[in-house]
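Trainee: The structure is given below, and queries will be raised subsequently.
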Amino acid sequence: MQSQRETHELLIIARRRDEGLQNIEQSFAALSVSPLPGSVAPGCVTLVDATGRHQAISVNLCTSYQQLNSMLRVLFERDAVEAQIQRRYIEEGKYDLCIDEGKQVTPLTSHNWSSIEPGTKIVMRVTIQQEISSLSGVDYPCHFCGAVNHLGARSVKYKSRGRTVCSTECRECKRCFQITRSLVDWRKQSSNRDSNHKTDAEMLLVRNFHVEQIVCMIHVPLSAMKCVIWSFDLLWRR
123 MQSQRETHEL
133 LIIARRRDEG
143 LQNIEQSFAA
153 LSVSPLPGSV
163 APGCVTLVDA
173 TGRHQAISVN
183 LCTSYQQLNS
193 MLRVLFERDA
203 VEAQIQRRYI
213 EEGKYDLCID
223 EGKQVTPLTS
233 HNWSSIEPGT
243 KIVMRVTIQQ
253 EISSLSGVDY
263 PCHFCGAVNH
273 LGARSVKYKS
283 RGRTVCSTEC
293 RECKRCFQIT
303 RSLVDWRKQS
313 SNRDSNHKTD
323 AEMLLVRNFH
333 VEQIVCMIHV
343 PLSAMKCVIW
353 SFDLLWRR
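Letter 170 of the sequence shown, counting from 1, is numbered 292 in the numbering used here, and no numbers are missing.
What follows is the structure in structure tokens.
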């Protein structure tokens, strides 16, 4: 008699567990369904992950930077290769989020979080750091395919300027990228920046990335750095 009662209680517990899992799956059902190109489910935003995959996500999961990041961790908690790659970038903090409207890219950060409206396209990008020694060059060899992209000065954004630039499509592999430059004193520069990933799986799967170029200035006063950036800003406005 006691054994039958224990078995009955175990069955009830198992049923409740299954119902709980089913509710979770239903809550995130939109994450596993890719809408048709150009269409967005009502009340949803479109997340384009770093591999270019489109996901429909409830706008209620995008009320804050922290909430969306928590959702991303759940989204990539899978065994698929593309999920593992993106999960590693998230764990290392080497990714960012933005609203890419073609001619304008708006970064989404914890300090700059806009009100997300249904129909918005949010793009996740892996970040790649690169040290350069000159401000003048704007040609960029793609991190993934090696093709040299001849860019105009307007295609590069400096962190110290408010100007927003559009993303660029690699002329060879068609990956989408953006370049941001920042000036640092070489004495304050960390030597631990050569940790960019470049595995075979990433070479095949990553489609969206953000290149953070670090320009090391040797014994240059801050005022001189600002003059250099100001000169480039004049060129952009021509």
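Each residue gets a CB set at the ideal place from its N, CA and C atoms; glycine is no exception.
Tell me, please, which residues DSSP counts as bridged to residue 222.
Mentor: Stepping through the sequence shown from its first residue, residue 222 is reached at position 100. According to DSSP, residue 222 bridges with 227.
Trainee: What span of residues does the alpha helix (DSSP H) with residue 213 cover, start to end?
Mentor: For this step, residue 213 is matched to residue 91 along the sequence shown. Per DSSP, residue 213 belongs to the alpha helix (DSSP H) from 203-214.
Trainee: From this set, 321, 266, 303 and 279, which residue's C-alpha is nearest residue 294's C-alpha?
Mentor: Here residue 294 corresponds to residue number 172 of the sequence shown, with the count starting at 1. Nearest of 321, 266, 303 and 279 to residue 294, Cα basis: 266.
Trainee: Per DSSP, what kind of secondary structure is residue 178 in: helix, strand or coil?
Mentor: The sequence position of residue 178 within the sequence shown is 56, counting from 1. Residue 178 falls in the strand class under three-state DSSP.
Trainee: Check residue 150 in the structure and name its three-state DSSP category.
Mentor: Translated into positions along the sequence shown, residue 150 becomes position 28. Residue confidence is low: residue 150 scores 49 on pLDDT, short of 50, so the model does not pin down where it sits. No coordinate-derived value is stated.
Trainee: Just to confirm, is the Cβ distance from residue 270 to residue 227 under 8 Å?
Mentor: Counting from one through the sequence shown, the residue named residue 270 turns up at place 148. Counting from one through the sequence shown, the residue named residue 227 turns up at place 105. Cβ atoms of residue 270 and residue 227: not closer than 8 Å.
Trainee: For residue 230, which of 171, 335, 186 and 173 has the nearest alpha-carbon?
Mentor: For the purposes of this step, residue 230 is identified with residue 108 of the sequence shown, where counting begins at 1. Selected option, being the one with the closest Cα: 186.
Trainee: Roughly how many whole angstroms lie between the Cα atoms of residue 301 and residue 254?
Mentor: Stepping through the sequence shown from its first residue, residue 301 is reached at position 179. Stepping through the sequence shown from its first residue, residue 254 is reached at position 132. Answer to the nearest angstrom: the Cα atoms are 12 Å apart.
Trainee: How would you write the range of the beta strand (DSSP E) that residue 261 sits in, first residue to last?
Mentor: Residue mapping note: residue 261 aligns to position 139 of the sequence shown, counting from 1. Note, residue 261: beta strand (DSSP E), 261-263.
Trainee: Distance, Cα to Cα, residue 291 vs residue 182?
Mentor: The residue given as residue 291 occupies position 169 in the sequence shown. The residue given as residue 182 occupies position 60 in the sequence shown. Each residue's alpha carbon lies about 31 Å from the other.
Trainee: Give me, in chain order, the residues of the same chain whose beta-carbon lies closer than 7 Å to that of residue 248; leave out the 5 immediate sequence neighbours on both sides.
Mentor: The residue you call residue 248 lines up with position 126 of the sequence shown. Hits under 7 Å: 172, 211, 216, 217, 328 and 331.
Trainee: Check this for me: beta carbons of residue 251 and residue 334, under 8 Å apart or not?
Mentor: For the purposes of this step, residue 251 is taken as the residue at position 129 of the sequence shown. For the purposes of this step, residue 334 is taken as the residue at position 212 of the sequence shown. Result yes, Cβ atoms of residue 251 and residue 334 sit closer than 8 Å.
Trainee: So, at 6 Å on beta carbons, what are the nonlocal neighbours of residue 298 in its own chain, with the 5 sequence-adjacent residues on each side left out?
Mentor: Here residue 298 refers to the residue found at position 176 when the sequence shown is read from its first residue. Cβ within range, chain order: 289, 291 and 330.
Trainee: When burial is assigned at 16 or more other CB atoms within 10 Å of the CB, is residue 197 buried or exposed?
Mentor: Your numbering for residue 197 matches position 75 in the sequence shown. Classification for residue 197: buried.
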